[in-house]
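One gets this note's numbering by counting positions in the sequence shown from 1 and adding 4 to each.
The C-beta atom is built at its ideal place from N, Cα and C for all residues, glycine as well.
As structure tokens, the structure follows; a few thoughts come after it.
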Amino acid sequence: MYREIINDLKKWKDKAGRKPLLLTGVRQCGKTYIVGKFAEECFENYVYINFEQSEKYAAIFDYDFDVQRIISELEAVTKNKIIPEKTLLFFDEIQECPKAITSLKYFCENTPNLHLVCAGSLLGVALKQENISFPVGKVNRLQLFPMNFKEFLIASEREDLVKIFENWPTDRAIPELYSIPMKKLLKEYYVVGGMPEAVKTWLSTRDFDEVEQVQTEILRDYSDDFSKHAPLSEVPKIRWIWDSVPVQLAKENNKFIFSHVKEGKRAFELENALNWLSDAGLVNLVSLVENPELPLSAFADKTYFKVYMSDIGLLRAKSKVSARTIIEENDSYIRFKGSFAENYVFNELKTLGNELYFWRSGNSAEVDFLFEKENSIVPVEVKAADNTQAKSFKLFCSKYKPLTGFKLSEKNISENTIDETKALSIPLYLCWNINSFLKNN
5 MYREIINDLK KWKDKAGRKP LLLTGVRQCG KTYIVGKFAE ECFENYVYIN
55 FEQSEKYAAI FDYDFDVQRI ISELEAVTKN KIIPEKTLLF FDEIQECPKA
105 ITSLKYFCEN TPNLHLVCAG SLLGVALKQE NISFPVGKVN RLQLFPMNFK
155 EFLIASERED LVKIFENWPT DRAIPELYSI PMKKLLKEYY VVGGMPEAVK
205 TWLSTRDFDE VEQVQTEILR DYSDDFSKHA PLSEVPKIRW IWDSVPVQLA
255 KENNKFIFSH VKEGKRAFEL ENALNWLSDA GLVNLVSLVE NPELPLSAFA
305 DKTYFKVYMS DIGLLRAKSK VSARTIIEEN DSYIRFKGSF AENYVFNELK
355 TLGNELYFWR SGNSAEVDFL FEKENSIVPV EVKAADNTQA KSFKLFCSKY
405 KPLTGFKLSE KNISENTIDE TKALSIPLYL CWNINSFLKN N
């Protein structure tokens with residue numbers, strides 16, 4: 005399946021001053037597959053080392069950090085030659101071998117012509133451990149997310165729709181010829197999400213029950229990771245928080261509240277558990293900004309935040325909202341429909357490389373997301389239906405006068421002006437194209 009990150013991998017391959025690449029991402033989001041695809045397209049041979057599958061590889065790094073010795077022993081064990089410029093060497097699940105992480109410093113300094121990629125599902129967690137010496141300044145980084153909606157469209161053999169919308173003008177209404185299939189596909193995406201195995205299962209079976217079995221297994225694997233990799237004292241707390249995310253996201257005021265995780269528990273008792281989930285990439289925190297000035301990071305209140313899951317399909321499965329409810333848009337689904345739309349938009353904007361925040365003015369006004377783009381702040385309001393009467397969005401635009409703002413909903417595309425702000429109403433199914441709309445406006 006097509007993954008957009010392949011283009012970033014190819015840029016890294018030809019980059020001057022290239023360093024070993026650290027590829028991060030949640031477990032089962034497709035890291036091993038995409039590196040293998042990259043190797044197939046761009047290299048003469050491929051040497052794959054998985055530190056989780058076999059302990060024999062870790063022994064090679066125990067003695068010293070002589071890169072030539074390490075390469076020679078890897079060649080002997082794998083029975084493959086490792087040739088700079090021609091071989092892609094891949095260290096998978098590198099968090100299982102702390103000394104391999106340390107060795108990246110020496111690979112960077114002593115073999116700059118060797119293409120070395122490293123990946124790890126719980127790398128963010130592992131790097132917080134005191135026994136790992138991280139090679140600061142000696143690696144490049146990329147993050148792989150679950151498949152976004154654009155990638156889902158391409159996997160669904162609807163690249164024709166992607167091409168049609170790439171340069172769609174905001175003053176042209178979208179006809180039903182295109183809007184009806186896009187809305188249908190977005191509902192399917194809400195159910196299936198972007199975990200590659202779930203997408204593959206959907207495309208081969210068209211059976212939502214089969215998809216849910218895959219998602220349930222992934223969620224179970226994540227839960228097993230808590231017991232295997234988290235401190236024992238934190239495991240129950242991690243489970244409490246993990247189970248509370250869908251419920252808290254569906255609240256009208258979806259600020260994350262620690263006391264709602266477990267009765268009687270306070271923030272200081274649960275913060276480490278939440279940080280573990282964040283380091284693992286399973287949840288993402290979006291902080292409040294009350295004074296939206298550049299840079300937004302300098303004005304973020306890290307104590308006031310919302311929490312989103314990394315994949316909309318897993319959120320749906322964990323929330324136990326049936327596929328039929330989403331496809332048929334049952335009236336009783338209204339509250340969760342809003343939270344799904346918001347989590348979906350978060351993930352789409354995140355895959356575009358944006359660092360996200362939200363704005364709130366007291367208890368009277370809120371804009372769902374803010375991000376920076378070319379020296380400007382971009383507000384984004386999310387509505388799950390076709391109601392775009394966003395008073396908070398209008399207030400923000402009138403008060404802070406950003407160049408461009410977005411209202412994402414089920415409504416057709418349109419544009420208008422709020423004071424000095426160009427306000428674009430964009431269908432939810434075109435969130436993946438938001439950078440193009442920014443460029444053209």
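Enclosing beta strand (DSSP E) for residue i [first to last residue]
{"i": "T421", "result": "S418 to I422"}
{"i": "Y50", "result": "N49 to N54"}
{"i": "S413", "result": "T408 to S413"}
{"i": "K310", "result": "A304 to M313"}
Per DSSP, the bridge partner or partners of residue i
{"i": "N444", "result": "In the DSSP output, where bridge partners are listed per residue, N444 has none listed."}
{"i": "H119", "result": "L92"}
{"i": "V382", "result": "F375"}
{"i": "R364", "result": "E370"}
{"i": "Q147", "result": "T28"}
{"i": "T425", "result": "I422"}
{"i": "V290", "result": "K310"}
{"i": "G124", "result": "T28"}
{"i": "F430", "result": "Checking the sequence shown, residue 430 turns out to be Ile, not Phe. Partner(s): L412."}
First through last residue of the alpha helix (DSSP H) which encompasses residue i
{"i": "W436", "result": "No alpha helix (DSSP H) holds W436; DSSP gives it neither H nor E."}
{"i": "T205", "result": "P200 to T209"}
{"i": "V140", "result": "Counting along the chain, V140 falls outside any alpha helix (DSSP H), and DSSP gives it neither H nor E."}
{"i": "Q219", "result": "F212 to H233"}
{"i": "T174", "result": "Note, T174: premise wrong, no alpha helix (DSSP H); not H, not E."}
{"i": "L281", "result": "A271 to D283"}
{"i": "D247", "result": "V239 to L253"}
{"i": "N351", "result": "I338 to T355"}
{"i": "G40", "result": "K35 to C46"}
{"i": "S396", "result": "K395 to Y404"}
{"i": "L108", "result": "P102 to N114"}
{"i": "Q99", "result": "Taken as a continuous stretch (DSSP letters only), Q99 belongs to no alpha helix (DSSP H), as it is neither H nor E."}
{"i": "G317", "result": "I316 to S323"}
{"i": "A159", "result": "F153 to A159"}
{"i": "D12", "result": "I9 to K17"}
{"i": "R73", "result": "V71 to T82"}
{"i": "S183", "result": "E180 to V196"}
{"i": "K167", "result": "E163 to F169"}
{"i": "I86", "result": "Taken as a continuous stretch (DSSP letters only), I86 belongs to no alpha helix (DSSP H), as it is neither H nor E."}
{"i": "K60", "result": "K60 to I64"}
{"i": "A327", "result": "A327 to E332"}
Which listed residue (the options) has its alpha carbon closest to that of residue i
{"i": "P200", "options": "S326, N416 and M5", "result": "M5"}
{"i": "K83", "options": "Q57, G268, I53 and L274", "result": "I53"}
{"i": "L442", "options": "W172, R270 and D211", "result": "W172"}
{"i": "D305", "options": "F362, L399, Y182 and K415", "result": "F362"}
{"i": "V51", "options": "I74, A20 and I86", "result": "I86"}
{"i": "A451", "options": "G198, Y337 and V239", "result": "Beyond the ends of the chain as shown, which are 5 and 445, falls residue 451; an answer cannot be given."}
{"i": "S125", "options": "R162, P88 and W280", "result": "W280"}
{"i": "V30", "options": "F111, T174, A284 and R270", "result": "A284"}
{"i": "G366", "options": "A104, N257 and S208", "result": "N257"}
{"i": "K106", "options": "L78, N444, P139 and P179", "result": "A small fix is needed here, since residue 106 is Thr in this sequence, not Lys. Out of L78, N444, P139 and P179, P139 has the C-alpha closest to the C-alpha of T106."}
{"i": "A20", "options": "K154, D68 and H119", "result": "H119"}
{"i": "E275", "options": "V239, E414 and I422", "result": "V239"}
{"i": "D70", "options": "N49, Y110, K90 and S402", "result": "Y110"}
{"i": "E45", "options": "S58, Q32, N11 and E77", "result": "N11"}
{"i": "L399", "options": "L434, K154, S380 and I422", "result": "I422"}
{"i": "S282", "options": "R73, E113, L127 and R320", "result": "L127"}
{"i": "G357", "options": "N439, E214 and Y182", "result": "N439"}
{"i": "A234", "options": "Q133, T355 and A123", "result": "Q133"}
{"i": "S160", "options": "E170, G198, E180 and Y404", "result": "G198"}
Expected contact under 8 angstroms - CB spacing of residue i and residue j to nearest Å
{"i": "V121", "j": "F149", "result": "V121 to F149, Cβ: 17 angstroms. No contact."}
{"i": "L253", "j": "N347", "result": "6 angstroms"}
{"i": "S323", "j": "F340", "result": "6 angstroms"}
{"i": "Y312", "j": "F350", "result": "5 angstroms"}
{"i": "L318", "j": "L223", "result": "6 angstroms"}
{"i": "A177", "j": "I417", "result": "7 angstroms"}
{"i": "V265", "j": "I242", "result": "Not quite, the Cβ-Cβ distance comes to about 10 angstroms (not below 8 angstroms), so this is no contact."}
{"i": "L292", "j": "R364", "result": "6 angstroms"}
{"i": "F47", "j": "L108", "result": "Their Cβ separation, rounded to whole angstroms, is 19 angstroms, which puts F47 and L108 out of contact at 8 angstroms."}
{"i": "F55", "j": "A130", "result": "About 11 angstroms separates the two Cβ atoms, so there is no contact after all."}
{"i": "E359", "j": "N152", "result": "Incorrect: roughly 17 angstroms between the Cβ atoms, too far for contact."}
Any non-hydrogen atom of the ligand PLP closer than 6 angstroms to residue i Cβ
{"i": "R224", "result": "Absent from the structure shown: the ligand PLP. Ligands present: none."}
Quiz item: Counting Cβ pairs closer than 8 angstroms, one from the segment 293 to 301 and one from the segment 369 to 380, do we hit at least three?
Solution: yes
Practice problem: Give a yes or no on contact between the segment 183 to 199 and the segment 328 to 336, applying the rule of three or more CB pairs nearer than 8 angstroms. | Solution: yes
Quiz item: Should the segment 212 to 230 be called in touch with the segment 194 to 204, which here means at least 3 C-beta pairs below 8 angstroms?
Solution: yes
Self-check item: Contact between the segment 373 to 389 and the segment 409 to 429 (3+ Cβ pairs under 8 angstroms)
Solution: Yes, they touch.
Quiz item: Using 8 angstroms as the threshold, is the segment 57 to 68 in touch with the segment 19 to 32, meaning 3 or more CB pairs across them?
Solution: no
Quiz item: Is there contact here, the segment 129 to 146 with the segment 426 to 437, by at least three beta-carbon pairs under 8 angstroms?
Solution: No contact exists between the segment 129 to 146 and the segment 426 to 437.
Quiz item: Three or more C-beta pairs closer than 8 angstroms, one from the segment 98 to 118 and one from the segment 33 to 42: is that the case here?
Solution: no
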